[in-house]
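Everything on this sheet refers to the single structure shown next.
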Amino acid sequence: MELWYTEKHTENAEFSIKVKKQLVSKKSEFQRIDIFESYDFGKVLVIDGYLMLTEKDEFIYHEMITHVPMAVNPEIKDVLVVGAGDGGTVRELTRYETIENIDMVEIDRLVVDLCREYIPQTSSKLDDDRVNIYYEDGLKFVREKENKYDLIIVDSTDPFGPGEDLFTKEFYGNCYKALKENGILVNQHESPYYPNDAVAMQRAHSKIKSIFPVALVYQAHIPTYPSGHWLFGFASKGLDPIADLKEEEWNSLGLKTKYYNTDLHKGCFAIPNYVKELLKNA
Amino acid sequence: MDQNRAPLYEALEKHRLDRVVHFDVPGHKGGRGNKELTQFLGERCLKVDVNSMKSLDNLNHPVSVIKEAQDLAAEAFGAKSCFFMVNGTTSAVQAMIMTACKAGDKIIMPRNVHRSAINALVICGAIPVYVNPGINKRLGIALGMSIADIEKAVRENPDAKAILVNNPTYYGICSDLKRIVEIAHKHNMLVLVDEAHGTHFYFGENLPISAMKAGADMAAVSVHKTGGSLTQSSILLCGENVNSDYVRQIISLTQTTSASYLLLASLDLARKNLSLNGIEIFRKTVELTEYARSEINKLGGYYAFSTEIIDNDAIYDFDITKLSINTRDIGLAGIEVYDILREEYGIQVEFGDLGNILAIVSAGDRAMEIERLVSALYEIKRIYSKDPTGMYVHNYIEPEVVYTPQEAFYSRKKALPIKESQEMISGEFVMAYPPGIPILAPGERITEEIVNYIHYAKEKGILLMGTEDMNVDNINVVEGE
């Protein structure tokens, strides 16, 4: 007998991982959460049937969503993380001793609880003294903040279900307001490849572009995400991700990373023509 | 009666399962004849889009399942009898007026009624005696009717046949219905209530009194608005003083003989749901609305009003499920906020007038939608707000009635540019839609204030309609003036 987890990337394309055993399956007020033990990818977190992370390749996503903004502004002290219940983003941030405060807003407490229990690889730093976890809607949280954060990271699920409001213009606008003068917004920006993901990507970009003076995207290769080609958004009130890169300063920190480095930083903003086209028409 | 039953829905389900061969209309034959439509709406839907037949009763002469469904609804709403309506609450309002009045009969009504009421006067020739509604200057909205004004109208027109009350208004304002019923009944007048926005009064807790409970004789209730049935479905409720067989005849004068079973079944199931779960449904609605109201009032610049505006007269009560938001202090007309919400944030609210927007909140909403609305309003204030001086916020102008609506509508008319029509008598309607309350009705004098209002409303982007001229640049005025 074989047990497989399959995610539909489109109606006609699937991605499957052979599963050793199912560790847990629970339904929260918001969504269904499953965690599998797999042969090739370690533990796999799945929400409402969609793959969120695997232990094998989560480092790519979590390094790219954190070190890119941190290398542009090493002065970042106050960070808001929206979503990110698995803890991977917070884990990377806590490696910076200069960060003083990390507020994490996750709507679904059960995601955090299950990741703490089953996936310590990502959740291990959620108990860091600098981390404050708020279990509420990200939009509600951010709309009550003004001129407070140096960095906001939107580590959300997809633009449907409980994370839907994190892809709206009112959310990005309220993030702008919650950021300080040198503030940076980095967000999970979907994929340009399959048409449905690409539409979500375009919509997010056009909304962010209408609010932030600097709005760019950068890419990473994440093998277990649909098409493997994934984008992040970098938006700011003025800082440019390449011109303002503090290369030496970041390298002097001596952080050991598996995917990110400052050469890759400069390269990841170079994007394929078809993606440029999509962004231009967004 | 057993409110768990839904006789009309049950009969339709049985009909579907019986796999009847159809050599009757509709010609799409369960959807097979129109594949694209079937794909769009779903086969289930097309299979029950049927015509009346013995096993499914007939809306114009109900004796079996439609009658049972209407009786259940009458019980649920506390009425003596009930009619399912398939041409909107418009048809229910018209049936009320045409039941109460013949040509030449007087009917007392507030001027801020929905166009459907004045339309009925054009059709049946009844004569309106307008009671000017109270006005809230701060909000720029018309209110309910004050008791003193009604008493005066009744004293001056003891021969009037009925009083029509608009309760609640679109904005949630209620009049003192019980007192109005007392006055009317003392003078042998019927009380007709346009209760289009008040379905929930019959099922929720701690809401304003419903028309039937207050002793009104007839009420037109848009179940589709806040009760969960399909758009265009509505009910007409009758009390003890009304001959319901006569009402049925009146309805049949203008009602289709091919009533949609989709609409009828939706009324049946909505009634069942409201009867069984209404308290919880409207508890949740109130909770969401109250939360939204308090958050919006914290933003500053917006005023989401509530029971604090009650004055025990023209605002006798307030419907707290209504989320009406005054936008004057951010320097934007309600219609401008309405447009920005839709175009920039993908949020559709019910309407925007010169000073307010109205958001309909229901148990179908989630906390997330409320957060989106509140956040978008904050953003609009942050990005678009202007100096509010010089804003025109009034949405109601007292009319000068010269002819009855019917006389004016059927008179010899000529078209004039609106800006040159001052002092003429209008032969047609001009209204903003929504809310559909006429700025001008046939037979009313076109004043300078009205001409300016129309110009200003158009400039702000309010959708005007009612005139023969689709662009509302010209207006038909009564000739010989």
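The listed protein sequences correspond, in order, to chains A and B. Just so you know, we're using our numbering here: the first sequence kicks off at 130 and counts up by one. Just so you know, we're using our numbering here: the second sequence kicks off at 1342 and counts up by one. For glycine and all other residues, C-beta sits at the position ideal for the given N, C-alpha and C. Computed from a prediction, not measured in an experiment: that's the story for all the values here.
With 16 other Cβ atoms within 10 Å as the buried cut-off, status of residue i
i	result
glutamate 1822 of chain B	Summary for glutamate 1822 of chain B: the model assigns pLDDT 48, below 50, so the residue's position carries little reliability; its value from the coordinates is reported in the next sentence. Its Cβ having fewer than 16 others within 10 Å, glutamate 1822 of chain B is exposed.
glutamate 187 of chain A	buried
glutamate 1409 of chain B	buried
tyrosine 403 of chain A	exposed
serine 1516 of chain B	buried
lysine 1311 of chain B	The shown model of chain B, from 1342 to 1822, leaves out residue 1311 of chain B, and the question about it has no answer.
threonine 1595 of chain B	exposed
isoleucine 1576 of chain B	buried
leucine 1578 of chain B	buried
asparagine 1817 of chain B	buried
lysine 1566 of chain B	buried
tryptophan 359 of chain A	buried
methionine 1553 of chain B	buried
phenylalanine 76 of chain A	Summary: the structure shown does not reach residue 76 of chain A, with chain A confined to residues 130 through 411, and so no result is reported for it.
cysteine 244 of chain A	buried
alanine 1823 of chain B	The structure shown does not extend to residue 1823 of chain B, since chain B spans only 1342 to 1822, so no value can be given for it.
Cβ of residue i within 8 angstroms of any chain A Cβ
i	result
serine 1716 of chain B	yes
tyrosine 1686 of chain B	yes
glutamate 1720 of chain B	yes
glutamate 1712 of chain B	yes
Chain-ordered chain A contacts of residue i [CB-CB under 8 angstroms]
i	result
arginine 1723 of chain B	Gly302 and Lys306
Below-8 angstroms beta-carbon distance, residue i vs any chain B residue
i	result
threonine 391 of chain A	no
threonine 297 of chain A	yes
lysine 309 of chain A	no
lysine 366 of chain A	no
alanine 329 of chain A	no
isoleucine 146 of chain A	no
Contact set between residue i and chain B, taken where Cβ atoms lie within less than 8 angstroms
i	result
arginine 272 of chain A	Glu1712, Val1715, Ser1716 and Tyr1719
Partner residues on chain B for residue i, Cβ-Cβ distance less than 9 angstroms
i	result
aspartate 266 of chain A	Ala1708, Met1709 and Glu1712
aspartate 294 of chain A	Met1709, Glu1710, Glu1712, Arg1713 and Ser1716
Neighbouring residues, chain B, relative to residue i (Cβ below 7 angstroms)
i	result
lysine 269 of chain A	Glu1712
Residue i: CB within 7 angstroms of a non-hydrogen atom of the ligand HEM
i	result
glutamine 317 of chain A	By its list of ligands, the structure shown contains no ligand whatsoever, and the ligand HEM lies outside what it can speak to.
Task: Inside the stretch 1555 to 1585 of chain B only - alpha helix (DSSP H) runs reaching at least 4 residues - done: Listed in chain order, the alpha helix (DSSP H) elements of length 4 or more contained wholly in the stretch 1555 to 1585 of chain B are 1564 to 1567.
Open item on the list: So if I threshold CB-CB distances at 8 angstroms, which residues from the stretch 1697 to 1710 of chain B count as touching chain E?
Closed with: Looking for chain E here will not work: the only protein chains present are A and B.
TODO: Could you say if the stretch 1495 to 1512 of chain B and the stretch 1439 to 1453 of chain B meet the contact criterion of at least three C-beta pairs nearer than 8 angstroms?
DONE: Yes, the stretch 1495 to 1512 of chain B touches the stretch 1439 to 1453 of chain B.
TODO: Please list the segments of the beta strand (DSSP E) lying wholly inside the stretch 355 to 390 of chain A, counting only runs of 3 or more residues, in order along the chain.
DONE: Within the stretch 355 to 390 of chain A, the complete beta strand (DSSP E) runs of at least 3 residues are 358 to 365.
- [ ] Decide if the stretch 1714 to 1721 of chain B is in contact with the stretch 1670 to 1690 of chain B; the criterion is three or more beta carbon pairs, one per stretch, under 8 angstroms apart.
- [x] Verdict: yes, contact present.
Task: Complete runs of the beta strand (DSSP E) confined to the stretch 228 to 287 of chain A [at least 3 residues] - done: Taking only runs of at least 3 residues, the beta strand (DSSP E) segments lying wholly in the stretch 228 to 287 of chain A are 230 to 234, 260 to 263 and 278 to 284.
- [ ] Take every Cβ of the stretch 1473 to 1485 of chain B, pair it with every Cβ of the stretch 1416 to 1431 of chain B, and state whether three or more of those distances are shorter than 8 angstroms.
- [x] Too few Cβ pairs lie closer than 8 angstroms, so no.
- [ ] Output the residue ranges of the beta strand (DSSP E) runs that lie fully inside the stretch 1750 to 1820 of chain B and measure 3 residues or longer, sorted by chain position.
- [x] Fully enclosed beta strand (DSSP E) runs of no fewer than 3 residues occupy 1754 to 1758, 1771 to 1773, 1779 to 1781 and 1815 to 1819 of the stretch 1750 to 1820 of chain B, in order along the chain.
TODO: Assess, as a yes-or-no matter, whether the stretch 1523 to 1535 of chain B is touched by the stretch 1403 to 1423 of chain B under the definition of 3 or more beta carbon pairs within less than 8 angstroms.
DONE: Contact fails: fewer than three Cβ-Cβ distances are below 8 angstroms.
Open item on the list: Closer than 8 angstroms is the cut-off here; do at least three beta carbon pairs connect the stretch 1753 to 1773 of chain B with the stretch 300 to 318 of chain A?
Closed with: In short, these stretches do not touch, since the Cβ pair count stays below three.
TODO: Determine contact between the stretch 1445 to 1452 of chain B and the stretch 1587 to 1595 of chain B, defined as no fewer than three beta-carbon pairs at a distance below 8 angstroms.
DONE: Because the criterion of three Cβ pairs below 8 angstroms is not met, the stretch 1445 to 1452 of chain B and the stretch 1587 to 1595 of chain B do not touch.
Open item on the list: Does the structure place the stretch 1799 to 1813 of chain B close enough to the stretch 1764 to 1784 of chain B that three or more beta carbon pairs sit under 8 angstroms?
Closed with: Per the Cβ contact rule, the stretch 1764 to 1784 of chain B is in contact with the stretch 1799 to 1813 of chain B (3 or more Cβ pairs under 8 angstroms).
Task: Within the stretch 1598 to 1665 of chain B, ranges of the alpha helix (DSSP H) (whole runs, at least 4 residues) - done: As far as the stretch 1598 to 1665 of chain B is concerned, its whole alpha helix (DSSP H) runs of at least 4 residues are 1602 to 1640.
Task: Every unbroken beta strand (DSSP E) inside the stretch 1674 to 1719 of chain B [3 residues or more] - done: Runs of the beta strand (DSSP E) inside the stretch 1674 to 1719 of chain B: 1697 to 1701.
Open item on the list: If contact is defined by three or more beta carbon pairs under 8 angstroms, each pair taking one atom from either stretch, is the stretch 171 to 182 of chain A in contact with the stretch 195 to 205 of chain A?
Closed with: With the cut-off at 8 angstroms, the stretch 195 to 205 of chain A and the stretch 171 to 182 of chain A do not touch.
TODO: Taking only runs that begin and end inside the stretch 1415 to 1447 of chain B, name each unbroken beta strand (DSSP E) of 3 or more residues, in chain order.
DONE: With a minimum length of 3 residues, the continuous beta strand (DSSP E) runs that stay inside the stretch 1415 to 1447 of chain B are 1422 to 1426.
Task: Any beta strand (DSSP E) of 3 or more consecutive residues that is wholly inside the stretch 168 to 226 of chain A - done: Taking only runs of at least 3 residues, the beta strand (DSSP E) segments lying wholly in the stretch 168 to 226 of chain A are 172 to 176, 179 to 183 and 207 to 212.
Open item on the list: Closer than 8 angstroms is the cut-off here; do at least three beta carbon pairs connect the stretch 1545 to 1558 of chain B with the stretch 1615 to 1629 of chain B?
Closed with: Yes: the two stretches touch, three or more of their Cβ pairs being nearer than 8 angstroms.
Open item on the list: When you compare the stretch 271 to 289 of chain A with the stretch 211 to 227 of chain A, are there three or more beta-carbon pairs, one atom per stretch, that lie closer than 8 angstroms?
Closed with: Taking a cut-off of 8 angstroms on C-beta distances, the stretch 271 to 289 of chain A touches the stretch 211 to 227 of chain A, as three or more cross pairs fall below it.
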